[in-house]
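Here the structure comes first, spelled out in C-alpha coordinates, and everything after it is commentary.
Residue numbers (my numbering): 9 to 175.
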(Lines of atoms letter the chains of each structure in order from A; the text may use other names.)
(Lines give C-alpha, C1' and ligand atoms only; values in the text may rest on other atoms or scores of the structure.)
Protein backbone atom coordinates (compact mmCIF):
# COMPACT_ATOMS: atom_id res chain seq x y z
CA UNK A 9 0.00 0.00 0.00
CA UNK A 10 1.43 3.33 -1.06
CA UNK A 11 1.46 6.39 1.16
CA UNK A 12 0.02 9.56 -0.11
CA UNK A 13 1.16 13.07 0.67
CA UNK A 14 -1.80 13.51 3.05
CA UNK A 15 -0.87 10.47 5.20
CA UNK A 16 2.70 11.78 5.69
CA UNK A 17 1.49 15.28 6.67
CA UNK A 18 -1.08 13.86 9.15
CA UNK A 19 1.42 11.65 10.99
CA UNK A 20 3.65 14.52 12.24
CA UNK A 21 0.64 16.54 13.51
CA UNK A 22 -0.76 13.50 15.37
CA UNK A 23 2.65 12.96 16.99
CA UNK A 24 2.81 16.66 17.90
CA UNK A 25 -0.69 16.48 19.46
CA UNK A 26 0.34 13.44 21.56
CA UNK A 27 3.46 15.27 22.78
CA UNK A 28 1.47 18.39 23.66
CA UNK A 29 -1.09 16.27 25.56
CA UNK A 30 1.72 14.49 27.44
CA UNK A 31 3.27 17.83 28.39
CA UNK A 32 -0.08 19.12 29.68
CA UNK A 33 -0.63 15.98 31.77
CA UNK A 34 2.90 16.26 33.19
CA UNK A 35 2.48 19.96 33.96
CA UNK A 36 -0.90 19.40 35.66
CA UNK A 37 0.56 16.52 37.69
CA UNK A 38 3.46 18.72 38.86
CA UNK A 39 1.08 21.54 39.80
CA UNK A 40 -1.09 19.12 41.78
CA UNK A 41 1.98 17.79 43.61
CA UNK A 42 3.14 21.33 44.46
CA UNK A 43 -0.34 22.21 45.76
CA UNK A 44 -0.42 19.10 47.96
CA UNK A 45 3.02 19.83 49.40
CA UNK A 46 2.11 23.46 50.11
CA UNK A 47 -1.05 22.43 51.97
CA UNK A 48 0.58 19.64 53.99
CA UNK A 49 1.11 20.14 57.73
CA UNK A 50 4.55 21.29 58.70
CA UNK A 51 6.94 18.54 59.76
CA UNK A 52 7.93 20.91 62.59
CA UNK A 53 4.42 20.52 64.01
CA UNK A 54 5.41 17.06 65.18
CA UNK A 55 8.14 18.69 67.28
CA UNK A 56 5.66 21.23 68.65
CA UNK A 57 4.44 24.77 68.25
CA UNK A 58 5.07 27.29 71.00
CA UNK A 59 1.79 28.67 72.36
CA UNK A 60 0.96 31.29 74.99
CA UNK A 61 -2.45 31.02 76.68
CA UNK A 62 -3.70 33.63 79.13
CA UNK A 63 -6.84 33.42 81.23
CA UNK A 64 -8.49 36.82 81.57
CA UNK A 65 -11.37 38.03 83.75
CA UNK A 66 -13.59 40.73 82.28
CA UNK A 67 -15.86 42.71 84.55
CA UNK A 68 -18.63 45.24 83.96
CA UNK A 69 -18.26 46.56 87.52
CA UNK A 70 -15.74 49.01 88.93
CA UNK A 71 -13.71 51.71 87.27
CA UNK A 72 -12.34 51.00 83.78
CA UNK A 73 -8.87 49.45 83.93
CA UNK A 74 -6.63 47.01 82.10
CA UNK A 75 -4.04 44.86 83.86
CA UNK A 76 -0.59 46.06 82.65
CA UNK A 77 0.22 42.45 81.61
CA UNK A 78 -2.59 42.76 79.05
CA UNK A 79 -1.33 45.94 77.38
CA UNK A 80 -0.76 44.09 74.07
CA UNK A 81 -4.46 43.09 74.07
CA UNK A 82 -5.80 46.57 74.89
CA UNK A 83 -7.18 47.12 71.36
CA UNK A 84 -9.04 43.81 71.30
CA UNK A 85 -10.34 44.08 74.86
CA UNK A 86 -11.61 47.62 74.28
CA UNK A 87 -14.04 46.28 71.68
CA UNK A 88 -15.76 43.99 74.19
CA UNK A 89 -18.57 44.97 76.55
CA UNK A 90 -16.44 44.77 79.71
CA UNK A 91 -14.60 47.69 81.27
CA UNK A 92 -12.24 46.06 83.74
CA UNK A 93 -9.68 43.44 82.68
CA UNK A 94 -7.43 41.31 84.86
CA UNK A 95 -5.09 38.46 83.90
CA UNK A 96 -5.73 35.56 86.29
CA UNK A 97 -3.59 32.84 84.70
CA UNK A 98 -1.01 32.09 82.03
CA UNK A 99 0.64 29.07 80.49
CA UNK A 100 3.28 28.68 77.82
CA UNK A 101 3.65 25.29 76.18
CA UNK A 102 5.10 23.46 73.19
CA UNK A 103 1.95 21.94 71.73
CA UNK A 104 1.92 18.78 69.68
CA UNK A 105 -0.85 17.67 67.33
CA UNK A 106 -3.82 16.07 69.14
CA UNK A 107 -2.23 16.40 72.61
CA UNK A 108 -4.32 18.70 74.82
CA UNK A 109 -3.02 20.97 77.54
CA UNK A 110 -5.21 21.90 80.51
CA UNK A 111 -5.60 25.10 82.46
CA UNK A 112 -7.74 25.53 85.55
CA UNK A 113 -10.18 28.42 85.43
CA UNK A 114 -10.74 30.43 88.64
CA UNK A 115 -14.07 28.65 89.24
CA UNK A 116 -12.34 25.24 89.14
CA UNK A 117 -13.47 24.18 85.65
CA UNK A 118 -10.81 22.80 83.30
CA UNK A 119 -10.07 24.48 79.98
CA UNK A 120 -8.53 22.12 77.42
CA UNK A 121 -6.65 23.39 74.40
CA UNK A 122 -5.78 20.95 71.60
CA UNK A 123 -3.72 21.64 68.49
CA UNK A 124 -5.79 20.21 65.63
CA UNK A 125 -3.79 21.37 62.61
CA UNK A 126 -0.56 23.27 62.01
CA UNK A 127 0.51 24.85 58.76
CA UNK A 128 3.20 27.28 57.78
CA UNK A 129 1.17 30.42 58.49
CA UNK A 130 -1.74 29.25 60.70
CA UNK A 131 -2.69 26.84 63.45
CA UNK A 132 -6.13 25.44 64.32
CA UNK A 133 -7.02 24.74 67.95
CA UNK A 134 -9.97 23.20 69.71
CA UNK A 135 -10.89 24.99 72.92
CA UNK A 136 -13.18 23.12 75.28
CA UNK A 137 -14.53 23.41 78.79
CA UNK A 138 -16.14 19.98 79.36
CA UNK A 139 -17.93 21.07 82.55
CA UNK A 140 -19.83 23.68 80.51
CA UNK A 141 -20.18 21.55 77.38
CA UNK A 142 -18.40 24.30 75.46
CA UNK A 143 -16.28 23.45 72.43
CA UNK A 144 -14.96 25.77 69.71
CA UNK A 145 -12.42 25.64 66.91
CA UNK A 146 -10.13 28.59 66.35
CA UNK A 147 -7.79 29.10 63.41
CA UNK A 148 -5.10 31.64 64.22
CA UNK A 149 -2.66 33.12 61.70
CA UNK A 150 1.00 33.58 62.56
CA UNK A 151 1.49 36.86 64.43
CA UNK A 152 -2.17 37.00 65.52
CA UNK A 153 -4.04 36.03 68.69
CA UNK A 154 -7.65 35.38 69.56
CA UNK A 155 -9.49 36.38 72.72
CA UNK A 156 -12.27 33.83 73.20
CA UNK A 157 -14.94 33.76 75.94
CA UNK A 158 -14.75 30.45 77.83
CA UNK A 159 -17.28 31.05 80.63
CA UNK A 160 -20.67 32.67 80.60
CA UNK A 161 -21.22 35.89 82.47
CA UNK A 162 -22.10 35.66 86.17
CA UNK A 163 -22.63 38.73 88.37
CA UNK A 164 -21.18 40.98 85.67
CA UNK A 165 -17.97 38.91 85.19
CA UNK A 166 -16.85 36.48 82.50
CA UNK A 167 -13.65 34.58 81.70
CA UNK A 168 -11.76 34.60 78.44
CA UNK A 169 -8.78 32.75 76.98
CA UNK A 170 -6.25 34.67 74.87
CA UNK A 171 -4.47 32.16 72.61
CA UNK A 172 -1.37 33.06 70.61
CA UNK A 173 0.72 30.53 68.68
CA UNK A 174 4.33 31.41 67.90
CA UNK A 175 4.46 34.19 70.57
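Idealized CB from N, CA, C, for every residue including glycine.
Work out the CA separation of residue j and residue i for me, nearest whole Å.
{"i": "residue 166", "j": "residue 123", "result": "24 Å"}
{"i": "residue 50", "j": "residue 60", "result": "Reliability fails at residue 50, whose pLDDT of 46 lies under 50, so the model's placement of it is uncertain and no value is given."}
{"i": "residue 168", "j": "residue 129", "result": "24 Å"}
{"i": "residue 139", "j": "residue 84", "result": "27 Å"}
{"i": "residue 170", "j": "residue 28", "result": "54 Å"}
{"i": "residue 118", "j": "residue 143", "result": "12 Å"}
{"i": "residue 150", "j": "residue 21", "result": "52 Å"}
{"i": "residue 137", "j": "residue 131", "result": "20 Å"}
{"i": "residue 134", "j": "residue 31", "result": "44 Å"}
{"i": "residue 148", "j": "residue 172", "result": "8 Å"}
{"i": "residue 179", "j": "residue 107", "result": "This structure leaves residue 179 out entirely; the chain is present only between 9 and 175."}
{"i": "residue 82", "j": "residue 105", "result": "30 Å"}
{"i": "residue 4", "j": "residue 127", "result": "With the chain represented from 9 up to 175, any question about residue 4 goes unanswered, as that position is not in the structure."}
{"i": "residue 80", "j": "residue 156", "result": "15 Å"}
{"i": "residue 109", "j": "residue 70", "result": "33 Å"}
Take the Cβ of residue i as the centre, count every other Cβ of all protein chains shown within 10 Å, and call the residue buried at 16 or more, exposed below.
{"i": "residue 65", "result": "buried"}
{"i": "residue 52", "result": "At residue 52 the pLDDT is 42, less than 50, meaning the model places this residue with poor confidence and gives no usable figure here."}
{"i": "residue 26", "result": "exposed"}
{"i": "residue 163", "result": "exposed"}
{"i": "residue 111", "result": "buried"}
{"i": "residue 153", "result": "buried"}
{"i": "residue 89", "result": "exposed"}
{"i": "residue 141", "result": "exposed"}
{"i": "residue 100", "result": "exposed"}
{"i": "residue 62", "result": "buried"}
Which partner residues does residue i have in the DSSP bridge list?
{"i": "residue 155", "result": "170"}
{"i": "residue 118", "result": "112"}
{"i": "residue 146", "result": "133"}
{"i": "residue 164", "result": "None, per the DSSP bridge assignment."}
{"i": "residue 92", "result": "67 and 73"}
So what's residue i in DSSP terms, helix, strand or just coil?
{"i": "residue 97", "result": "strand"}
{"i": "residue 22", "result": "helix"}
{"i": "residue 73", "result": "strand"}
{"i": "residue 81", "result": "helix"}
{"i": "residue 138", "result": "helix"}
{"i": "residue 60", "result": "strand"}
{"i": "residue 106", "result": "coil"}
{"i": "residue 127", "result": "coil"}
(message) Counting beta carbon pairs with one atom in the region 65–78 and one in the region 88–97, are three or more of them shorter than 8 Å?
(response) yes
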